[in-house]
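Q: As they're listed, the protein sequences go chains A and B.
Quick note on numbering: my numbering labels position 139 of the first sequence as 128, and the sequence is numbered without any gaps.
In my numbering, each residue carries its 1-based index in the second sequence increased by 3.
Just passing along the structure, written as structure tokens.
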Amino acid sequence: MKIAVVRFPGSNCDQDALWALRSDVGVAAEYVWHEATSLSGFDGVFLPGGFSYGDYLRCGAMAARAPLMSAVRDLAERGHPVIGACNGFQVLCEAGLLEGALLLNHSQKFVCRDVRLRPETQKGLWMESQSQVLRLPIAHGEGRYIADRENLSRLNGEGRVAFRYVDSAGDATEDANPNGSVENIAGIVNEAGNVLGLMPHPERATNARIGGTDGLVLLRAFSAMKV
Amino acid sequence: MPLVRVVVTLKPSLLDSAGRTVSDSLVKLGFDEVEGVRIGKVIELHVTQADPSRLQAMCDKLLANPVIEDYQIEVVD
Chain A
-10 MKIAVVRFPG SNCDQDALWA LRSDVGVAAE YVWHEATSLS GFDGVFLPGG FSYGDYLRCG
50 AMAARAPLMS AVRDLAERGH PVIGACNGFQ VLCEAGLLEG ALLLNHSQKF VCRDVRLRPE
110 TQKGLWMESQ SQVLRLPIAH GEGRYIADRE NLSRLNGEGR VAFRYVDSAG DATEDANPNG
170 SVENIAGIVN EAGNVLGLMP HPERATNARI GGTDGLVLLR AFSAMKV
Chain B
4 MPLVRVVVTL KPSLLDSAGR TVSDSLVKLG FDEVEGVRIG KVIELHVTQA DPSRLQAMCD
64 KLLANPVIED YQIEVVD
């Protein structure tokens, strides 16, 4: 298993992702520049957080159209695991690999804190190992997930909502929703279950010394995925 | 050289958080006739030819996100 950590101009969680994967998960990982056209030799993709292309036009808009994204799409269609965290989630939505979009937080504030995430599905290899509420950090200004009514009922009906923001009792309340996302949605998976997008940062929670290890659960599932 | 102006706005069904805050601020400044504000983007394109189908393709492929935005194209001159 070898994972490509994609770097766009403006990515800033690429180093965290690479080191979390290498040191804490123990899987091979290499940077791949967004202008590359091939992902030959890679088994999975990590689209990191940051401000790709300075968030110009819309978050993730230009990154979603970068040359490497054709190869990412191809790998995803062949069932390989692709995870997009924060800006990576925005890129997946802009690229049409996941439904919906991320808008300015309801509060209009950049929100940087830990959140609780309740796994909502067992769909896909990502989610099979998820049974308990995870505590992961978020850090974003534009994380309000929206989807139209049709897509929302599809996501719910097909069990494709990966995580919802919840309170300490495990309930998806308005107070537990850090950005105004519809139905407290924090992450979703594609139809096949091999593409996961989420606003929280699993790569920032892989070591007790930096505040938590709940991200390991997700990233271990990532590295253990057989295609 | 033709100048094309593209106006991109958030779909009416979506809450415009920034617009709402600006609206509140205008009311606080005494402009109590303001009942709503929507904020969009203006993109000016300098092109060698203003072919409507190509301009529409630019909007569909990059300039607007059809999931959340509407757009209007105006060829200025």
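All residues carry an ideal CB built from backbone N, CA and C; glycine is no exception.
Three Cβ pairs or more, each shorter than 8 Å: is that satisfied between the region 61 to 68 of chain A and the region 40 to 47 of chain A?
A: Contact fails: fewer than three Cβ-Cβ distances are below 8 Å.
Q: Rounded to the nearest angstrom, how far is the Cβ of alanine 21(B) from that of leucine 87(A), given a contact under 8 Å?
A: Actually they do not touch by this definition, with Cβ atoms about 24 Å apart.
Q: Quick one: is leucine 32(B) buried, meaning 16 or more other Cβ sit within 10 Å of its Cβ, or exposed?
A: exposed
Q: Can you check DSSP and say which residues form a bridge with valine 71(A)?
A: Note: valine 71(A) is bridge-paired with Val34(A) and Val184(A) in the DSSP secondary-structure output.
Q: Please classify glycine 113(A) as buried or exposed, where buried requires at least 16 other C-beta atoms within 10 Å of its C-beta.
A: buried
Q: Which of the three DSSP states, helix, strand or coil, is assigned to leucine 46(A)?
A: coil
Q: Mind listing which residues of the region 58 to 71 of chain B have their C-beta closer than 8 Å to chain A's C-betas, in chain order?
A: Lys64, Leu65, Leu66, Asn68, Val70 and Ile71
Q: Kindly indicate the opening and closing residues of the alpha helix (DSSP H) around lysine 31(B).
A: Looking at the DSSP string, the run of the alpha helix (DSSP H) that includes lysine 31(B) is 20 to 31.
Q: Which term fits cysteine 2(A), buried or exposed, when burial requires 16 or more other beta carbons within 10 angstroms of its beta carbon?
A: buried
Q: Show which residues of chain A have a CB atom less than 9 Å away from the CB atom of threonine 12(B).
A: Here the premise fails: no neighbours, minimum Cβ distance about 13 Å.
Q: Can you tell me whether tyrosine 63(A) is buried or exposed, with buried defined as 16 or more other CB within 10 angstroms of its CB?
A: At residue 63(A) the sequence reads aspartate, which differs from the tyrosine that was named. The residue is exposed, with fewer than 16 neighbouring Cβ atoms inside 10 Å.
Q: Starting from the C-beta of alanine 161(A), find all residues in its chain whose C-beta is less than 8 Å away, skip the five residues before and the five after it, and write them out in chain order.
A: Around alanine 161(A): Arg107, Arg153, Tyr154, Val155, Glu172 and Asn173.
Q: Does DSSP put leucine 125(A) in a helix, a strand or coil?
A: strand
Q: Quick check on glutamate 109(A): buried or exposed, where buried means 16 or more other Cβ atoms within 10 Å of its Cβ?
A: If you draw a 10 Å sphere on the C-beta of glutamate 109(A), you find 16 or more other C-beta atoms in it, and that means buried.
Q: Could you tell me which chain B residues have their CB closer than 8 Å to the CB of histidine 23(A), listed as they occur along the chain?
A: None at all; the shortest Cβ gap to chain B is about 16 Å.
Q: Does DSSP put valine 220(A) in a helix, in a strand, or in coil?
A: Since the first residue shown for chain A is -10 and the last is 216, residue 220(A) is missing from the structure and cannot be characterised.
Q: What residues are listed by DSSP as bridge partners for cysteine 101(A)?
A: Ala128(A)
Q: Should threonine 195(A) be labelled buried (16 or more other beta-carbon atoms within 10 Å of its own) or exposed?
A: Counting Cβ neighbours within 10 Å, threonine 195(A) comes out buried, since at least 16 surround it.
Q: State the Cα-Cα distance for the pair leucine 144(A) and glutamate 180(A), rounded to the nearest angstrom.
A: 9 Å
Q: Does the separation of the CB atoms of glycine 49(A) and cysteine 82(A) fall below 8 Å?
A: In contact: glycine 49(A) and cysteine 82(A) (Cβ atoms closer than 8 Å).
Q: What is the rounded straight-line gap between the Cα of glycine 176(A) and the Cα of isoleucine -8(A)?
A: Annotation: glycine 176(A) to isoleucine -8(A) spans about 21 Å, alpha carbon to alpha carbon.
Q: Got a sec: which bits of the region 13 to 36 of chain B sit with their beta carbon under 7 Å from any beta carbon on chain A, in order along the chain?
A: Answer in chain order: Leu17, Ser20, Ala21 and Thr24.
Q: For a cutoff of 8 Å on Cβ pairs, would you count glutamate 83(A) as touching chain B?
A: yes
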